[in-house]
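Enquirer:
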Amino acid sequence: MIGRRRPKSGAVENPDDPEAARRSALLWLSRRDHSSAELFGKLTVKGHSAEAARAAIAGLEAERLLDDARFLDNFVRSHAARGHGPGALAAGPDFVAVCRQVRLRKFGAEPATSWAERAKQARFLQYRGFSSDHIRLATGHDPEAQET
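In our numbering, the protein residues as written are 25 to 172.
See below:
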C-alpha cells in the first residue's frame, strides 16, 4: 500500500511547538470530550513540553473546543445512563429514578415477592454503586415502615 506513514506513537518532532500540541489535542478531542487536566497529561506523556501543552489548551479553551463544564456534564450523563449510582459518581441526576430504571431493566416491572428476590435485587443495585437509601426508595421496600 502506497501512502504516507504516520510517525510512531509518542514521537514528537518539536516538543516546544504549541501548534503540534494543538494538533495532537484535536485528534483526541475529535474522539471524545476530555477535561483540560486529562488532555494536559496526555500531551506531556506524548512528549510535548508543559509550556506547549498549556498554550494549546488555553487556545482550545478560548475557541470553546475544550470545556471542562461540558466534559463533566457529558461524563455524568453517560455514566448515569449506564446505570452507575452515586457510589461510582460523586454527583449527578436523580439517582433514585436511575436506580428504578436499572431495576426495571434488569428485573422487570413485577415487585420482588420473597426475601430472596429482594436480596438479589439489592445486591445487584449495590454492585452498581447505589446506596441502601436509594435502593429502598427505588424498590418501594422500607423495612422501617413495616409493622412487626
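A virtual CB, placed ideally from N, CA and C, is assigned to each residue, including glycine.
1. Taking the beta carbon of residue 102 as the centre, do at least 16 other beta carbons fall within 10 Å, making it buried, or is it exposed?
2. Using only the alpha-carbon positions, how far apart do residue 92 and residue 50 sit?
3. Using the rule of at least 16 other Cβ atoms within 10 Å of the residue's Cβ for burial, across every protein chain shown, is residue 40 buried or exposed?
4. If I measure Cβ to Cβ from residue 120 and keep anything under 7 angstroms in the same chain, skipping five residues before and after, which residues do I get?
5. In chain order, which alpha helix (DSSP H) runs of at least 4 residues are fully inside the segment 46 to 112?
6. In the DSSP assignment, the alpha helix (DSSP H) including residue 163 goes from what residue to what residue?
7. Could you compute how far the alpha carbon of residue 43 sits from the alpha carbon of residue 105?
8. Using the C-alpha atoms, what's the distance from residue 86 back to residue 58?
9. Indicate whether residue 81 and residue 67 have their beta-carbon atoms separated by less than 9 angstroms.
10. According to DSSP, is residue 44 part of a helix, a strand, or is it coil?
11. Can you check whether the CB of residue 145 is closer than 9 angstroms to the CB of residue 136?
Expert: The structure says:
1. Under this definition residue 102 is an exposed residue.
2. If you take the alpha carbons of residue 92 and residue 50, they lie about 15 angstroms apart.
3. Under this definition residue 40 is an exposed residue.
4. Same-chain partners within the cutoff: 158, 161, 162.
5. 60 to 70, 74 to 86, 92 to 105
6. 156 to 163
7. 36 angstroms
8. In this structure, the CA atom of residue 58 is about 15 angstroms from the CA atom of residue 86.
9. Taking 9 angstroms as the Cβ cut-off, residue 81 and residue 67 qualify as a contacting pair.
10. helix
11. yes
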